[in-house]
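*Asks:* Got a structure for you, written out below as structure tokens; questions coming shortly.
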Amino acid sequence: MGSIFDILGPVMVGPSSSHTAGAARIGMIARQLFGRQPEKAAVYLHGSFAATGKGHGTDKALIAGLLGMKPDDMRIPDSFEIAKEEGMEFTIEPKEIKEAHPNTAQIIMEAEGVNTMKIQAYSIGGGRIRVCKLDGIDVNFSGESNTLIIRNVDEPGRIKEVAAALSDAQINIATMQVFRDKRGGYAVMVVETDQIVPREAMEDLESKKGIIRVKFLLAN
Amino acid sequence: MSYQSMEEAQTRCEKEGIEFWKAVQLEDADERGVTEADSWREMKRMWQAMLDGLDAYDPELMSRSRMVGKEGGLVDAYRAAGDTLCGDFMAKVMSNALKMGCNNACMKRIVAAPTAGACGVMPAVLVTYYREYDVPEEKMIEALYVAAGIGQIIANRAYLAGASGGCQAEVGSGSGMAASAICHVKGGSTSQIGHACAMALKNLMGLVCDPVGGLVEVPCVKRNVGGAFNAIAAADMALAGIESQIPVDQVIDAMKEVGDKMDVSLRETGVGGVAGSLRAAEVVARMNM
């Protein structure tokens, strides 16, 4: 259970904490993971998101999140028009996703000069969410704590390097999870930290062999 | 750890000689590792959002399904004519509950309290009282702590989501929270705060969640009025010295039992209750056109 501000709060644009606020948050976290505003986004809605999403503004909220809007942004209802003005192309379609939570969205983001990214996340109510897949690899994080997301090659020593870099920067690891698609394939480390990871530490990590991409989500 | 029962919170209050709201604030500061001042600032932000939310109501807006939107304006006009059954103050409570519910349905900014569907209950009771009587703002923020603390106990022992326990968990809990909060504003003791909550919850026990088309519109918007009126009645009863014969913790446990036994068609699935009516089917068909 979260804090008293999960009981009284969040401040959000209606009508639904799960279908609107949570959807905006999924879009926002997806954008942060991608590292920039996508030029093209393909959004897929599963279960209750697909069935009642339109009436709840789930579609508008997801696009708003991709445009960088928070769940309390009054511009959420106008997100489709804003996306058009800002040149972000998007599609939204229903999709049956196997064994997914009823409030699940899948987002594929594209932009010139960066790798396409695919995330899957679901809304658990109260405006809170979980990211459950990143580029096909199972993950599990909420973005409620400071979170470092590292994509790396699955080989010995990578975890040690990350731990050492964080230790050098005086950063305490709160939780750490590691995931991979297959042995020797691609892996993801999800590291929740007590402190904010500074830019230098991120650059240090990114320069290391076998580490593909580093992203930091500020607790929110 | 947040309070698991009103009994536990009350014991702390008595032991340390503090009010209930303070016990909630201390627990929040401790749990999130922030100062009491930080915690207060965040709660003040919630209060401000409630005030701003009510002022932002626009009677011309309609929800996406066009089922709700103008109700707050209608009651305002009715009240202005000066011939209501429930009196001027309660008519303001009614209008504010509707305004916040309509804001929510029309994608405007609200404070989930405890949920978006029940967002009208707390501001209808608290903001209306604040604007009607000369109450210091600090007292209202204390009242929000009272409400949040009560809500957390309900969350710990039962639930706050319609999908889990029906509308009794949403508007019911919102009503219990508002009853306790306004009881505090009126100078009620910790014990009276508990009784106010218990009576409010009992009056709405068994309330099902039956949103037409799965949307947070019908019957949700008007149900906020029921929750707000019920909260004021429960608080007045507690302040009059009436006690709930069943302790509030046991009422919450009973609410959980009722929610667990509630058929899934009555838990935010848009299947049973008024969501299953002929008219609801027509509305859904029209929306899908």
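If you read the sequences in order, they're chains A and B.
Take the first sequence: its position 42, counting from 1, is numbered 42 in the numbering used here, and each next residue is one higher.
Take the second sequence: its position 30, counting from 1, is numbered 30 in the numbering used here, and each next residue is one higher.
Every residue, glycine too, gets a C-beta built ideally from N, C-alpha and C.
Nothing here was measured: the structure is a model prediction, and the numbers come from that model.
1. Helix, strand or coil for Ile124 of chain A per DSSP?
2. Is Met1 of chain A buried or exposed, if buried means 16 or more other CB atoms sit within 10 Å of its CB?
3. Would you call the segment 200–217 of chain B in contact with the segment 257–273 of chain B, where contact means no fewer than 3 C-beta pairs closer than 8 Å?
4. Which residues mark the beginning and the end of the alpha helix (DSSP H) in which Lys40 of chain A is found?
5. Is Cys86 of chain B helix, strand or coil by DSSP?
6. Beta-carbon within less than 8 Å of Val111 of chain B's beta-carbon, same chain only, minus the 5 sequence neighbours each way: which residues are those?
7. Assign Pro118 of chain A to one of three DSSP states: helix, strand, or coil.
8. Considering only their Cβ atoms, is the gap separating Arg183 of chain A from Ile137 of chain A smaller than 8 Å?
9. Can you tell which of A:Arg199, A:Arg158, A:Val178 and A:Gly185 has the C-alpha that lies nearest to the C-alpha of Ile171 of chain A?
10. Counting along the chain, where does the beta strand (DSSP E) carrying Asp138 of chain A start and finish?
11. Helix, strand or coil for Tyr186 of chain A? Go by DSSP, reduced to three states.
12. I'd like to know whether the C-beta atoms of Met88 of chain A and Glu39 of chain A end up nearer to each other than 8 Å.
13. Should Val283 of chain B and Met67 of chain B be called a contact, given that it needs their Cβ atoms to be closer than 8 Å?
14. Less than 8 Å between CB atoms is the rule here; does Asp72 of chain A satisfy it with respect to chain B?
15. Which residues bound the alpha helix (DSSP H) around Arg31 of chain A?
16. May I ask you to list the residues that DSSP assigns as paired with Pro94 of chain A?
17. With a cut-off of 8 Å, do at least 3 Cβ pairs link the segment 19–30 of chain A to the segment 59–70 of chain A?
18. Please decide whether Leu8 of chain A counts as near chain B, where near means a Cβ-Cβ distance under 8 Å.
19. Mind checking which residues open and close the alpha helix (DSSP H) that includes Val271 of chain B?
20. Looking at the structure shown, is Lys139 of chain B part of a helix, part of a strand, or coil, going by DSSP?
21. From the beta carbon of Ser123 of chain A, is the nearest beta carbon of chain B less than 8 Å away?
22. Taking C-beta to C-beta, are Gln192 of chain B and Leu239 of chain B nearer than 8 Å?
23. What number of angstroms, rounded off, separates the C-alpha of Lys44 of chain B from the C-alpha of Ser207 of chain A?
24. Quick check: the Cα distance between Val162 of chain A and Val127 of chain B, rounded to an integer number of angstroms?
25. Name, going along the chain, the residues of the segment 210–228 of chain B whose beta-carbon falls closer than 8 Å to a beta-carbon of chain A.
26. Let me confirm a value: Thr91 of chain A is counted as buried when at least 16 other C-beta atoms fall within 10 Å, else exposed. Which label applies?
27. Would you say Ala105 of chain A lies against chain B (beta-carbon separation less than 8 Å)?
28. Taking the alpha-carbon of Ile246 of chain B as reference, which of B:Lys202, B:Gly259 and B:Gly226 has the nearest alpha-carbon?
29. Assess, as a yes-or-no matter, whether the segment 140–157 of chain B is touched by the segment 179–190 of chain B under the definition of 3 or more beta carbon pairs within less than 8 Å.
*Replies:* This is what the structure gives:
1. Counting from one through the first sequence, the residue named residue 124 of chain A turns up at place 124. Reduced to three states, the DSSP call for Ile124 of chain A is strand.
2. Working through the first sequence from its first residue, we reach residue 1 of chain A at position 1. Reliability of the predicted coordinates at Met1 of chain A is poor, the pLDDT of 49 falling under 50, and no value is obtained from them.
3. Yes: at least three Cβ pairs fall under 8 Å.
4. As a working mapping, residue 40 of chain A is identified with position 40 in the first sequence. Note, Lys40 of chain A: premise wrong, no alpha helix (DSSP H); beta strand (DSSP E) at Lys40 to Gly47.
5. For the purposes of this step, residue 86 of chain B is identified with residue 86 of the second sequence, where counting begins at 1. Cys86 of chain B: coil per DSSP, three-state reduction.
6. Here residue 111 of chain B corresponds to residue number 111 of the second sequence, with the count starting at 1. For Val111 of chain B, where only same-chain residues beyond five positions count, the Cβ hits under 8 Å are Met46, Ala49, Met50, Gly53, Cys119, Met122 and Pro123.
7. Walking along the first sequence from the start, residue 118 of chain A turns up at place 118. According to the sequence shown, residue 118 of chain A is Lys rather than Pro. DSSP places Lys118 of chain A in strand when its eight states are reduced to three.
8. Walking along the first sequence from the start, residue 137 of chain A turns up at place 137. Walking along the first sequence from the start, residue 183 of chain A turns up at place 183. For Ile137 of chain A and Arg183 of chain A, no; Cβs fall outside 8 Å.
9. Residue 171 of chain A sits at position 171 when you count from the first residue of the first sequence. Comparing Cα-Cα distances from Ile171 of chain A to each of A:Arg199, A:Arg158, A:Val178 and A:Gly185, the minimum goes to A:Arg199.
10. Locating residue 138 of chain A in the first sequence gives position 138, counting from the first residue. Per DSSP, Asp138 of chain A is one residue of the beta strand (DSSP E) stretching across Ile137 to Phe141.
11. One-based indexing of the first sequence puts residue 186 of chain A at position 186. Strand.
12. Looking up residue 88 of chain A in the first sequence gives position 88. Looking up residue 39 of chain A in the first sequence gives position 39. Against a cut-off of 8 Å, the Cβ pair of Glu39 of chain A and Met88 of chain A comes out as a contact.
13. Position 283 of the second sequence, counted from the first residue, corresponds to residue 283 of chain B. Position 67 of the second sequence, counted from the first residue, corresponds to residue 67 of chain B. Their beta carbons are under 8 Å apart, which means Val283 of chain B touches Met67 of chain B by this criterion.
14. Within the first sequence, residue 72 of chain A is the residue found at index 72, counting from 1. Yes, contact with chain B.
15. Counted from its first residue, the first sequence places residue 31 of chain A at position 31. Per DSSP, Arg31 of chain A belongs to the alpha helix (DSSP H) from Gly22 to Phe34.
16. The sequence position of residue 94 of chain A within the first sequence is 94, counting from 1. According to DSSP, which records beta bridges pairwise, Pro94 of chain A is partnered with A:Leu45.
17. Yes: at least three Cβ pairs fall under 8 Å.
18. Looking up residue 8 of chain A in the first sequence gives position 8. It does: the Cβ of Leu8 of chain A has a partner Cβ on chain B nearer than 8 Å.
19. Taking the first residue of the second sequence as 1, we reach residue 271 of chain B at position 271. It is not in any alpha helix (DSSP H) - Val271 of chain B carries neither H nor E in the DSSP assignment.
20. Residue numbering aside, residue 139 of chain B sits at position 139 when the second sequence is read from its first letter. DSSP places Lys139 of chain B in the helix class (H, G or I) of the three-state scheme.
21. Counted from its first residue, the first sequence places residue 123 of chain A at position 123. Not an interface residue.
22. Mapped onto the second sequence, residue 192 of chain B falls at position 192. Mapped onto the second sequence, residue 239 of chain B falls at position 239. Cβ distance < 8 Å, so Gln192 of chain B and Leu239 of chain B count as in contact.
23. Sequence index remark: in the second sequence, residue 44 of chain B carries index 44 (1-based). Sequence index remark: in the first sequence, residue 207 of chain A carries index 207 (1-based). Lys44 of chain B and Ser207 of chain A: Cα-Cα distance of roughly 44 Å.
24. One-based indexing of the first sequence puts residue 162 of chain A at position 162. One-based indexing of the second sequence puts residue 127 of chain B at position 127. Distance between the alpha carbons of Val162 of chain A and Val127 of chain B: 51 Å.
25. From the segment 210–228 of chain B, only Gly213, Gly214, Leu215, Val216 and Glu217 have a Cβ closer than 8 Å to chain A.
26. Locating residue 91 of chain A in the first sequence gives position 91, where the first residue counts as 1. That one is exposed.
27. The count along the first sequence starts at 1 and reaches residue 105 of chain A at position 105. Taking Cβ atoms only, chain B never reaches closer than 8 Å to Ala105 of chain A, which makes this a no.
28. Residue mapping note: residue 246 of chain B aligns to position 246 of the second sequence, counting from 1. For Ile246 of chain B, the nearest C-alpha among the options comes from B:Lys202.
29. Enough Cβ pairs lie closer than 8 Å, so yes.
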